[in-house]
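These notes concern the structure reproduced below.
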Amino acid sequence: MPSFLVYSMDIIFATHNEHKAHEARGILGEKWNLKSLHDIGCESEIPETADTLRGNALQKAQYVFEHYHTNCFADDTGLEIEALDGRPGVYSARYAGEHCTYQDNVDKVLAEMKGMTNRKACFKTVVALILDGEPHFFEGRVDGQIIEKPRGTAGFGYDPVFMPDGYDQTFAEMGEDVKNHISHRARAMQALQDFLK
Ligand code: IMP
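Structure below.
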């Protein structure tokens with residue numbers, strides 16, 4: 004076989020977020036033909052009813068595997084704040100209520116932490132991969148502090164109030180390029196990539 008021929012294998016990323024799919028393609032490389040839910044015409048809202056990140060990631064990956072019978076993976080992320088006993092954790096997306104905005108969530112966290120001196124927090128991402136029908140898990144984590152007032156406009160979610168250890172900028176100030184090298188999600192995806200290669 005000529006050495007320049009590269010065969011890629013299909014893998015589905017159980018996400019509706021094209022930004023995440025793009026990021027994952029960059030990390031996994033050309034050996035994998037990564038398809039998002041949009042790419043396979045799946046517009047369904049996939050259930051996420053577990054009470055752990057690992058449970059939710061597995062639930063999403065299993066849903067896709069059962070419906071499409073293809074190697075696939077899913078991720079789930081939470082922000083764990085030490086002084087709030089690990090909240091919002093697995094409930095990070097809807098911490099301030101069912102139809103809340105990112106700003107509502109940030110406001111709720113800052114209100115709950117008012118006057119607290121322990122500002123330690125971490126983001127955790129769990130990736131669940133189903134490869135040839137078998138589940139595998141990968142975790143990425145980044146530690147930091149919740150600052151008192153939001154700073155920066157890039158990113159999303161809790162980025163304006165999360166300052167990773169070793170940096171003097173929040174995720175929302177440092178911009179995507181730097182964040183995507185050090186983030187919880189990048190680390191979990193990197194662990195997935197190490198396993199798949
Ligand atoms: P998901 O599992 O990636 O959908 O993340 C759940 C929730 O965690 C999101 O709705 C955001 O509120 C928060 N989140 C996840 N990743 C990040 C991040 O990189 N920065 C800030 N917030 C995040």
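In the working numbering, each residue's number is its place in the sequence shown (first place is 1) plus 3. Glycine included, each C-beta is placed from N, C-alpha and C at the ideal position.
Using the three-state DSSP reduction, which class does residue i fall into: helix, strand or coil?
i      : result
Ile150 : coil
Ile14  : strand
Asp79  : strand
Met4   : With a pLDDT of only 47 at Met4, under the threshold of 50, the placement of this residue in the model should not be trusted; the figure read from the coordinates follows. In this structure, Met4 counts as coil in the three-state DSSP scheme.
Glu115 : helix
Glu33  : coil
Phe174 : helix
His184 : helix
Asn1   : The requested residue 1 does not occur in the structure, where the chain is confined to residues 4 to 200.
Taking the beta strand (DSSP E) that residue i belongs to, which residues open and close that run?
i      : result
Val130 : Lys123 to Leu134
Just to confirm, does residue i get its C-beta within under 7 Å of one of the non-hydrogen atoms of the ligand COA?
i      : result
Asn108 : The ligand COA is not part of this structure, which contains only the ligand IMP.
Give the range of the alpha helix (DSSP H) segment to which residue i is assigned.
i      : result
Met192 : His187 to Leu199
What are the residues that DSSP puts in a beta bridge with residue i?
i      : result
Met166 : Gln148
His25  : DSSP output for His25 lists no bridge partner at all.
His139 : Leu132
Figure out for me which residue from the options has the closest Cα to the Cα of residue i.
i      : options                           : result
Met192 : Cys103, Glu51, Lys111 and Asp78   : Asp78
Cys75  : Asn36, Arg90, Ala17 and Gln172    : Ala17
Leu40  : Ala53, Ile14 and Gln106           : Ile14
Asp107 : Ala53, Asp197 and Pro153          : Pro153
Ile3   : Gly143, Asp162, Phe141 and Gly158 : Only positions 4 to 200 of the chain appear in this structure, which leaves residue 3 out of reach.
Arg144 : Thr120, Val109, Val130 and Asp110 : Val130
Gly89  : Asp54, Glu101, Val67 and Gly100   : Asp54
Ser95  : Glu51, Arg190, Leu195 and Ala24   : Glu51
Leu37  : Thr73, Glu137, Gln62 and Thr120   : Thr73
Pro138 : Lys63, Arg188 and Gln172          : Lys63
Asp197 : Ala27, Glu21 and Lys23            : Ala27
Gly118 : Glu101, Asp146, Phe141 and Leu87  : Leu87
Asn20  : Glu69, Lys111 and Asp42           : Asp42
| request: Taking only runs that begin and end inside the segment 37 to 105, name each unbroken beta strand (DSSP E) of 3 or more residues, in chain order. | output: Residue ranges of uninterrupted beta strand (DSSP E) with 3 or more members, entirely inside the segment 37 to 105 and ordered along the chain, are 75 to 84.
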